[in-house]
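Chemist: Can you read through this structure? Questions will come right after.
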Amino acid sequence: MTFTKYQFNNYCYWPSNPKKIIEFIGGSYLASKPDLTYKRFIKSLIDKNYAVHAYKYTPQFDHQELAIRAWKDFKSCQRSLSKRIGKSIPSIRIGHSLGCKLHLISPDGGRNCEKFISISFNNFSANRSIPFLKKISQKLEFNSEFSPSPERTFGIIKKTYNQKNNFLIKFNSDELDQTDKLLSCLRARKEDNSKGIKLKGTHTIIASAGLRENFLGDWADDDFKRNTIKQISNLIDKSI
Numbered sequence: 017m018t019f020t021k022y023q024f025n026n027y028c029y030w031p032s033n034p035k036k037i038i039e040f041i042g043g044s045y046l047a048s049k050p051d052l053t054y055k056r057f058i059k060s061l062i063d064k065n066y067a068v069h070a071y072k073y074t075p076q077f078d079h080q081e082l083a084i085r086a087w088k089d090f091k092s093c094q095r096s097l098s099k100r101i102g103k104s105i106p107s108i109r110i111g112h113s114l115g116c117k118l119h120l121i122s123p124d125g126g127r128n129c130e131k132f133i134s135i136s137f138n139n140f141s142a143n144r145s146i147p148f149l150k151k152i153s154q155k156l157e158f159n160s161e162f163s164p165s166p167e168r169t170f171g172i173i174k175k176t177y178n179q180k181n182n183f184l185i186k187f188n189s190d191e192l193d194q195t196d197k198l199l200s201c202l203r204a205r206k207e208d209n210s211k212g213i214k215l216k217g218t219h220t221i222i223a224s225a226g227l228r229e230n231f232l233g234d235w236a237d238d239d240f241k242r243n244t245i246k247q248i249s250n251l252i253d254k255s256i
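Heads up, the sequence shown is in the working numbering, so the first residue is 17 and it goes up one at a time.
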């Protein structure tokens, strides 16, 4: 039986004797309710006996602040789980879209996890990511950009990100994906062991299943979405 608890801005799902912890950060807006929007994906990981900490956040321009808060909250959840099961177990970090960036710019540079798994990495500018922002900023004569900016983000990864074991997943029908740029950035570092794979699907395929099913019932979810999520969880399990 899985024990469920919401604490430190995380939805925590704890099997009685989990083999490892999955620290998951979802994409912008989707992550405001990860227990719903990533329901099937989370369940697929729990079924493989992973404890899952799914981070909840509200989008903002200061991504560095979000990354620091998430890192601190994950540490608090990890201590809470260790106390419950009487031992410490290693963690794996998984991000989807913006969630990938938040893991990559975490204060510890990826040192305190065994592996990072990126799904549909996104590092576009604010004007590209937020509809109408470019038009509004031009009319009001102000400049608004995420912090760190896309260029600065890649600079941080090259200089301060220390995790060598990274597994990157991208989809063939994803116009928001920048996984190729991330993979090139990671491989430019010394002794890097990053690997990537391309699957069939769209940017939100791991999120849409749980959302549609919750509102419309099982009939709203199709076999392709179900099978893709199963495929991803299997790839994750084998890569760890």
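Just so it is clear, CB atoms sit at the ideal spot from N, CA and C, and this is done for glycine as well.
Where do the ends of the beta strand (DSSP E) carrying T220 lie?
Modeler: For the purposes of this step, residue 220 is taken as residue 204 along the sequence shown, with counting starting at 1. Per DSSP, T220 belongs to no beta strand (DSSP E) and is neither H nor E.
Chemist: Please state whether DSSP places L46 in a helix, a strand or coil.
Modeler: Looking up residue 46 in the sequence shown gives position 30. L46: helix per DSSP, three-state reduction.
Chemist: What did DSSP end up calling I173 once you bin it into helix, strand or coil?
Modeler: Indexing the sequence shown from 1 puts residue 173 at position 157. Residue state, collapsed to three classes: helix.
Chemist: Please classify G217: is it buried, with 16 or more other beta-carbons within 10 angstroms of its beta-carbon, or exposed?
Modeler: The count along the sequence shown starts at 1 and reaches residue 217 at position 201. Buried.
Chemist: Please state the DSSP three-state secondary structure of C28.
Modeler: Taking the first residue of the sequence shown as position 1, residue 28 is located at position 12. Reduced to three states, the DSSP call for C28 is strand.
Chemist: To which residues does DSSP link T195 through a beta bridge?
Modeler: As a first step, residue 195 must be located in the sequence shown, where it is residue number 179. None, per the DSSP bridge assignment.
Chemist: What is the rounded straight-line gap between the Cα of K103 and the Cα of W87?
Modeler: Taking the first residue of the sequence shown as 1, we reach residue 103 at position 87. Taking the first residue of the sequence shown as 1, we reach residue 87 at position 71. If you take the alpha carbons of K103 and W87, they lie about 20 angstroms apart.
Chemist: What is the DSSP secondary structure of I62, counted as helix, strand or coil?
Modeler: For this step, residue 62 is matched to residue 46 along the sequence shown. In the structure shown, I62 sits in a helix (DSSP, three-state: H, G or I).
Chemist: Check whether the Cβ atoms of G43 and G126 lie closer than 7 angstroms to each other.
Modeler: For the purposes of this step, residue 43 is taken as the residue at position 27 of the sequence shown. For the purposes of this step, residue 126 is taken as the residue at position 110 of the sequence shown. No, they are not a contact pair.
Chemist: Which residues in the same chain have their Cβ closer than 8 angstroms to the Cβ of P260, if we skip the five residues on either side of it in sequence?
Modeler: The structure shown does not extend to residue 260, since the chain is modelled only from 17 to 256, so the question has no answer here.
Chemist: Taking all protein chains shown into account, do 16 or more other C-beta atoms lie within 10 angstroms of the C-beta of A47, making it buried, or fewer, making it exposed?
Modeler: Your numbering for residue 47 matches position 31 in the sequence shown. It counts as buried.
Chemist: Tell me whether R203 is buried or exposed, calling it buried when 16 or more other Cβ atoms sit within 10 Å of its Cβ.
Modeler: For this step, residue 203 is matched to residue 187 along the sequence shown. Answer is exposed; the Cβ neighbour count stays below 16.
Chemist: May I ask you to report which of helix, strand or coil DSSP gives D253?
Modeler: On the sequence shown, position 237 is the one that residue 253 refers to. Reduced to three states, the DSSP call for D253 is helix.
Chemist: With DSSP as the reference, label R203 as helix, strand or coil.
Modeler: For the purposes of this step, residue 203 is taken as residue 187 along the sequence shown, with counting starting at 1. If DSSP states are grouped into helix, strand and coil, R203 belongs with the helices.
Chemist: Does N138 pass the burial test, meaning 16 or more other C-beta atoms within 10 Å, or should it be called exposed?
Modeler: Numbered from its first residue, the sequence shown carries residue 138 at position 122. The residue is buried, with at least 16 neighbouring Cβ atoms inside 10 Å.
Chemist: Kindly list the residues whose CB is nearer than 7 angstroms to the CB of P123, restricted to its own chain and excluding five residues on each side of it in sequence; keep chain order.
Modeler: Residue mapping note: residue 123 aligns to position 107 of the sequence shown, counting from 1. Taken in chain order, the residues that qualify are I84 and W87.
Chemist: Taking a contact to mean a Cβ-Cβ separation below 7 angstroms, would you say S210 touches N182 in this structure?
Modeler: On the sequence shown, position 194 is the one that residue 210 refers to. On the sequence shown, position 166 is the one that residue 182 refers to. It is a contact, given that the beta carbons lie within the stated cut-off.
Chemist: Quick check on F90: does DSSP put it in helix, strand or coil?
Modeler: Within the sequence shown, numbered from 1, the residue matching residue 90 stands at position 74. The answer is helix: DSSP assigns F90 an H, G or I state.
Chemist: For C28, which residues of its own chain have a beta-carbon under 6 angstroms away from its beta-carbon, when the five flanking residues on both sides are left out?
Modeler: On the sequence shown, residue 28 is found 12 positions in, with the first residue counted as 1. So the list reads K21, H69 and C93, once near-sequence residues are dropped.
Chemist: At what residues does the beta strand (DSSP E) containing G111 begin and finish?
Modeler: Position 95 of the sequence shown, counted from the first residue, corresponds to residue 111. S107 to H112 is the extent of the beta strand (DSSP E) around G111.
Chemist: Give the DSSP-derived three-state secondary structure of F132 in the structure shown.
Modeler: Here residue 132 refers to the residue found at position 116 of the sequence shown. Reduced to three states, the DSSP call for F132 is strand.
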